[in-house]
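**Student:** Just passing along the structure, written as structure tokens.
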Amino acid sequence: MQGDDGHELATVYSNSTRVGSSVPLVDDPGLAAAIPSPGPEAPTVDQLNVKKSRKRRNFLLSISGIWISRSLAFFRNLCTRKSKRMSALRHFSIMHLPAVTITLALLSLYIAKVNWKEPSNEALNALQFAAKSHETVLLMSLGDILLYRISYGLDRQDIGVPLGFLPSSFYLAAPFRYLVSRQLWVPTFKSSKNTKHQWATGAMIVSISILCIAASPLSAIAMIPRLGWWKNDDFDAFADDGGSPLAKWLPHIEYRTVLGSESIPLPGVQSLVDPIKAFLRAGVDVDLHTNFEQMEFSNISYSNYDEGPQSVSLAQENEITYATCPLSIVATLLRVAVNRGAQAFPGPWLTTCKQHIQGHGDGTAWKQPLLAVKCQYGLPDSHFFNFSSVLLNETLTLDGDKDLAGVDLHNLTRGDHRFLNLRANKNWPVSADILFGSSENKFTLCLVFARWSAADTWIELPRSFQTWSNFEEPIVQSISNRSSDFIHLEDKWMDGIATFSHKSFFDSMAEICEAAPSFVPRCYEHALALHITDGLAQTGNVFLSPGYKPQTEQSNDSTKQEDAILFIRYYYTYAYRFESSRGIPLAFTFLLLHVLMVLIHLVKIIQSKDPWQGSDWDNFGDMLVLALASKPPDGTNDLAQQSSKSELWRKTVTVGCEGDEGHFQIRLKEQKGYQRTRQQEEESGGDFS
91 MQGDDGHELA
101 TVYSNSTRVG
111 SSVPLVDDPG
121 LAAAIPSPGP
131 EAPTVDQLNV
141 KKSRKRRNFL
151 LSISGIWISR
161 SLAFFRNLCT
171 RKSKRMSALR
181 HFSIMHLPAV
191 TITLALLSLY
201 IAKVNWKEPS
211 NEALNALQFA
221 AKSHETVLLM
231 SLGDILLYRI
241 SYGLDRQDIG
251 VPLGFLPSSF
261 YLAAPFRYLV
271 SRQLWVPTFK
281 SSKNTKHQWA
291 TGAMIVSISI
301 LCIAASPLSA
311 IAMIPRLGWW
321 KNDDFDAFAD
331 DGGSPLAKWL
341 PHIEYRTVLG
351 SESIPLPGVQ
361 SLVDPIKAFL
371 RAGVDVDLHT
381 NFEQMEFSNI
391 SYSNYDEGPQ
401 SVSLAQENEI
411 TYATCPLSIV
421 ATLLRVAVNR
431 GAQAFPGPWL
441 TTCKQHIQGH
451 GDGTAWKQPL
461 LAVKCQYGLP
471 DSHFFNFSSV
481 LLNETLTLDG
491 DKDLAGVDLH
501 NLTRGDHRFL
511 NLRANKNWPV
521 SADILFGSSE
531 NKFTLCLVFA
541 RWSAADTWIE
551 LPRSFQTWSN
561 FEEPIVQSIS
571 NRSSDFIHLE
581 DKWMDGIATF
591 SHKSFFDSMA
601 EICEAAPSFV
611 PRCYEHALAL
621 HITDGLAQTG
631 NVFLSPGYKP
641 QTEQSNDSTK
651 QEDAILFIRY
661 YYTYAYRFES
671 SRGIPLAFTF
681 LLLHVLMVLI
691 HLVKIIQSKD
701 PWQGSDWDNF
711 GDMLVLALAS
721 KPPDGTNDLA
731 QQSSKSELWR
741 KTVTVGCEGD
751 EGHFQIRLKE
761 QKGYQRTRQQ
771 EEESGGDFS
């Protein structure tokens, strides 16, 4: 039975295995216990594919999960950083943009050369408050920049900030006291581990403090316009206004210094003797006031050549008569150009004229004649003349003078004149001389000093339609200067400008002057000064040429020398101009330095991972609360017990978070600093120094 049973069992196990059952098909519990357990079954191909797909799916899910988590973290950080940056830019806009905007707006006014026509007193007063507002926002901006520097050191545990630097941003409204204190200078120059950073911070404090001190005057200098004569760059005197064309080119004017018969101007009123007498009476009777501080000129209308009277300026100083007037052609051109393009301007304006020699350069001032005439009575019998003045210090005796032997004094009657030619005969530095006779056997000798002198010439409206001149050097000094511009007037030229159809100008002048013996020398001086100056002013006057037409274009003939005419317009108004004061470029130098500091500050904000959004300790109260909430450093119960304040101010501190609650406290940064010697301790006596 056993053998059969065993065979039967083996057969059952084999059959059950063959059909793929893992449990023997035996109902008998005893047999079931005796059947051994089958071994591990090999996985099929489908099962392997399922496992691989599960692993691949789990791997992809893990990668996607990591990517999603990192992306979320990135976007979360990006949003946080963007939020911080937006907050920082908002803080920057509030603290810095007002000051920068006002500075750049003022700069644009000066670049555009803006004029302000007739501002009211209320408007000018409002500018004072605007300047104060500009100063306020400047202080706010500079304080924020300095506070950023201080907070940067406090937040960096490896850098720190000296105690002396902490109150620097609170003194900017009145920083002078802080600038002279040891709080600033001791930590700046005392050596430490962060000497470079402390020195840079100290330099920044000094620079910002100086800017704060200067903020008030700088704002006022830049804000308030200046009243004066300002050039109008848009003025064009040659623009077509429907009137007659204005000459733009003239034949080159030669300022001759030796005038002979070929230089005599064309007369315009040869036959009008009576008007000449009227002009002379107007000139010789004028009361020339003497100003002891400066020469005071009186304008007299007189001319023998122009259609309209020429304005000749006369003055008297130290018994010498001075006279001058611009070239007649320049005065005529100015009278035409002065009314062009100024109808809409409510205030005063002036027009000046300059000479472009052959059309090149920026324009030079025209030259004009400048005369001095001195007349002297001769003493009876001896005919002795004594000239003692700043122009000449000489004496002359006519009787028996060998150099003047050709002068016939006996036939020199009233109204006659003679030229002594003292320049050649006596080597006197004069331009011309003329001797007048009288019926009483008396003589009057007049000396003429003349030269060309550069002067700015203009007409100012509505003040006057007359021409005004301003010489480059003092008049007396200019006349005394015997330079290359000193004029020699030959006898033929003198006779030529005095020859009229009825009689000589000098004869008419003598008749008028001898009729008033109380002021004969002054009469001769005034008359000669008027007439000779008027003759010299006709130099280059092409308007006297028959058939003259204004030349608006340069000639194509290269052999002709021509000068261009430049007209310049000035308005008397308030304006923003750099050239109005040296203080304006200086003011903008400091103001633009502040703009540069703001731009650097902006770059740091953009580049920073934790951009500046302001400080929690931006006022003295917050800083005091922070100090009260801080614990004293280990080993020092009271810093005030140190023997020197210099030791205290150079201590480096930082701000850190204390404990889990996140309370900020000031911490004393460990460093090897300056050690006081025993001798210093004894000298200080343990008190504050």
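Residue numbering for the sequence shown follows this note's numbering, beginning at 91 and increasing consecutively.
All C-beta atoms, glycine included, are put in the ideal place defined by N, C-alpha and C.
Where does S574 fall in DSSP's three states?
**Tutor:** Residue state, collapsed to three classes: coil.
**Student:** Once DSSP output is grouped into helix, strand and coil, what is the label at Y268?
**Tutor:** It is helical.
**Student:** For my contact list, F539 and S521 are in at a C-beta cut-off of 8 Å; report their separation, rounded to the angstrom.
**Tutor:** That belief holds up - the Cβ atoms of F539 and S521 are roughly 6 Å apart, short of 8 Å.
**Student:** Assuming L440 and W548 are in contact, meaning their beta carbons sit under 8 Å apart, how far apart are those beta carbons, in whole angstroms?
**Tutor:** Right, their Cβ atoms sit about 5 Å apart.
**Student:** Distance, Cα to Cα, K516 vs K582?
**Tutor:** Computed Cα separation, rounded: 19 Å.
**Student:** Would you mind reading off the limits of the alpha helix (DSSP H) that contains C302?
**Tutor:** Its alpha helix (DSSP H) spans residues 285-313.
**Student:** Quick one: Cα of V363 to Cα of Y395, how far?
**Tutor:** Summary for V363: the model assigns pLDDT 42, below 50, so the residue's position carries little reliability; its value from the coordinates is reported in the next sentence. Rounded to the nearest angstrom, the two C-alpha atoms are 13 Å apart.
**Student:** DSSP beta-bridge partners for W542?
**Tutor:** Bridge partners of W542: P459.
**Student:** Check this for me: beta carbons of L512 and W518, under 7 Å apart or not?
**Tutor:** The answer is yes: Cβ separation under 7 Å.
**Student:** For V538 and chain B, any beta-carbon pair shorter than 7 Å?
**Tutor:** Of the chains in the structure shown, none is chain B; there is only one protein chain.
**Student:** Roughly how many whole angstroms lie between the Cα atoms of V480 and V428?
**Tutor:** V480 and V428: Cα-Cα distance of roughly 38 Å.
**Student:** Go ahead and label I298 buried or exposed: buried means 16 or more other beta carbons lie within 10 angstroms of its beta carbon, across all protein chains shown.
**Tutor:** Buried is the call here.
**Student:** Which one of L417, R553, E652, F633 has the shortest CA to CA distance from P341?
**Tutor:** The shortest C-alpha separation from P341 is found at E652.
**Student:** In whole angstroms, give me the CA-to-CA distance for K457 and E208.
**Tutor:** Going from the Cα of K457 to the Cα of E208 covers about 35 Å.
**Student:** With a cut-off of 8 Å, do at least 3 Cβ pairs link the segment 314-330 to the segment 655-668?
**Tutor:** Enough Cβ pairs lie closer than 8 Å, so yes.
**Student:** Take S183 and list the residues in its own chain whose beta-carbon comes closer than 8 Å to its own, dropping the five residues that flank it on each side.
**Tutor:** No residues qualify anywhere along the chain.
**Student:** In angstroms, rounded to a whole number, what distance separates the CA positions of A405 and P315?
**Tutor:** Going by the C-alpha atoms only, they are around 37 Å apart.
**Student:** Which ranges does the beta strand (DSSP E) cover as unbroken runs of at least 3 residues, wholly within the segment 405-443, from first to last along the chain?
**Tutor:** As far as the segment 405-443 is concerned, its whole beta strand (DSSP E) runs of at least 3 residues are 410-414.
**Student:** Alpha carbon to alpha carbon, how far is R672 from F680?
**Tutor:** Rounded to the nearest angstrom, the two C-alpha atoms are 13 Å apart.
**Student:** Checking 7 Å against the spacing of the C-beta atoms, do A677 and L308 come in under that value?
**Tutor:** Yes, the Cβ-Cβ distance between A677 and L308 is below 7 Å.
**Student:** What is the residue span of the alpha helix (DSSP H) that K321 lies within?
**Tutor:** Run containing K321: none in the alpha helix (DSSP H); it sits in the beta strand (DSSP E), 316-321.
**Student:** Which residues in the same chain as F474 place their Cβ atom closer than 6 Å to its Cβ, once the five residues preceding and following it in sequence are excluded?
**Tutor:** For F474, where only same-chain residues beyond five positions count, the Cβ hits under 6 Å are T487.
**Student:** Taking only three categories from DSSP, how would you classify S393?
**Tutor:** Note: S393 maps to coil in three-state DSSP.
**Student:** Starting from the C-beta of A312, find all residues in its chain whose C-beta is less than 6 Å away, skip the five residues before and the five after it, and write them out in chain order.
**Tutor:** These residues qualify, in order along the chain: L196, A677.
**Student:** Cα separation between P552 and H691?
**Tutor:** Spanning the two alpha carbons is a distance of roughly 54 Å.
**Student:** Where does K694 fall in DSSP's three states?
**Tutor:** Here K694 sits in helix by DSSP.
**Student:** Nearest CA to the CA of G431: which residue from G453, S210, Y660?
**Tutor:** The residue with the shortest Cα to Cα distance from G431 is Y660.
**Student:** Going by Cα to Cα distance, which pick from M294, W339, A264 is closest to V632?
**Tutor:** Out of M294, W339, A264, W339 has the C-alpha closest to the C-alpha of V632.
**Student:** Secondary structure at S403, three-state DSSP: helix, strand or coil?
**Tutor:** In this structure, S403 counts as strand in the three-state DSSP scheme.
**Student:** Can you tell me whether M687 is buried or exposed? The criterion is at least 16 other CB atoms within 10 Å of its CB, across all chains shown.
**Tutor:** Buried, by the Cβ-count rule.
**Student:** For the ligand NAP, is there any heavy atom lying closer than 6 Å to the beta carbon of D653?
**Tutor:** Absent from the structure shown: the ligand NAP. Ligands present: none.
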